[in-house]
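**Student:** Please see the structure below; I have some questions.
Numbering (my numbering), first residue to last: 291 to 419.
Written out as structure tokens, the structure reads:
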């Protein structure tokens, strides 16, 4: 089973950060999702902190505000143990990497109007957003 982190970034307006996966991505190209990444010989929190910097750059400030309980997510041929985290965006500039083509700040109740990666709504439910 693959272990991954899912990071939900929330700003002061209570909007969440949603990223569109690049068209060249192997899994779920052009679908919207939160920051996520595979845990590599590290603790889930270490992976979460690494992924946020890798995918959004270093020109902003953030802090961890919640960690949900891990859960199993089975989608098509994939099975993951997901470790969800919520971070507060404090200030600065987001610079997405080549894994994503664009980003948006949306209210959680708007998520269902996007073409999202399967399981994205469950991530929100596991951190009570």
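Each residue gets a CB set at the ideal place from its N, CA and C atoms; glycine is no exception. A quick note: this is a predicted structure, and the numbers were derived from the prediction, not measured.
Between residue 295 and residue 341, is the Cβ-Cβ spacing less than 8 Å?
**Tutor:** Contact flag set, yes.
**Student:** Could you check what DSSP says for residue 415 in three-state terms: helix, strand or coil?
**Tutor:** If DSSP states are grouped into helix, strand and coil, residue 415 belongs with the helices.
**Student:** Can you round the beta-carbon distance between residue 301 and residue 395 to whole angstroms, since I take them to be within the 8 Å contact cut?
**Tutor:** Their Cβ separation, rounded to whole angstroms, is 6 Å, which keeps residue 301 and residue 395 in contact under 8 Å.
**Student:** Rounded to whole angstroms, what is the Cα-Cα separation between residue 364 and residue 406?
**Tutor:** One C-alpha to the other measures close to 15 Å.
**Student:** If you reduce the DSSP assignment to three classes, tell me which class residue 334 lands in.
**Tutor:** Helix, per DSSP.
**Student:** Give the straight-line distance between the Cα atoms of residue 330 and residue 354, rounded to the nearest whole angstrom.
**Tutor:** Near 20 Å, if we compare the C-alpha coordinates of residue 354 and residue 330.
**Student:** With DSSP run on the structure shown, which of helix, strand or coil describes residue 329?
**Tutor:** Correct three-state label for residue 329: coil.
**Student:** Name the DSSP bridge partner or partners of residue 307?
**Tutor:** Answer by DSSP bridge pairing, in chain order: 395.
**Student:** Whose CA, out of 388, 410, 374, 305, lies closest to the CA of residue 336?
**Tutor:** Looking at the Cα atoms, 374 is the closest of the given residues.
**Student:** Could you check what DSSP says for residue 340 in three-state terms: helix, strand or coil?
**Tutor:** Correct three-state label for residue 340: helix.
**Student:** For residue 349 versus residue 387, is the C-beta spacing smaller than 8 Å?
**Tutor:** No. Outside cutoff.
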